[in-house]
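Following: one structure in structure tokens, then a few remarks.
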Amino acid sequence: MTADQNLDSGLPIRLLHDRVLVRMEGSEGERRSTAGIVIPATAAMGKRLAWATAVGVGPHVRSIVSGDRVLFDPDDRSEVELHGRGYVLLRERDVHAVAAERVEENATGLYL
């Protein structure tokens with residue numbers, strides 16, 4: 001992605017090197033189980049990875065494009081606010097997986 005694409009998407013910044021800017025999905029407070037039970041934000045959980053949507057990528061990012069859903073560890077993150085909205089800034093190496101709608105025949109196995 002070029003700097004112009006970041007500006008076209010409404011981002012007032014140009015990401016450098018291997019940085020990925022993501023927007024968290026949903027709220028980080030209460031969650032609902034598949035059965036509809038509300039799990040409070042204070043409930044003790046094991047280490048849990050989080051999904052987010054990539055909204056911008058630096059010039060040296062190879063496996064992620066804007067719009068991809070990525071899986072990462074929410075404990076290792078840097079938060080930033082742009083135009084009143086919160087984002088998370090990651091390095092490409094901190095992303096554990098990229099969700100794909102379908103896996104192609106010659107895929108490397110790096111995608112879910």
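In terms of the UniProt record's numbering, the sequence shown has 99 at position 99, counting the first letter as 1, and numbering is strictly consecutive.
Yeah, the Cβ is synthetic: ideal placement off N, Cα and C, and Gly gets one too.
The beta carbon of residue 15 sits closer than 7 Å to the beta carbons of 6, 21, 56, 57 and 58 from its chain, once the five residues preceding and following it are set aside; these are given in chain order.
Going by beta carbons, residue 96 and residue 60 fall outside the 8 Å limit. Closest in C-alpha terms to residue 49, from the list 69, 82 and 64, comes 69. By the Cβ-count criterion, residue 38 is exposed, with fewer than 16 other Cβ atoms from all chains shown falling within 10 Å of its own Cβ. Looking from the CA of residue 64, the closest CA among 11, 12, 25 and 99 belongs to 99.
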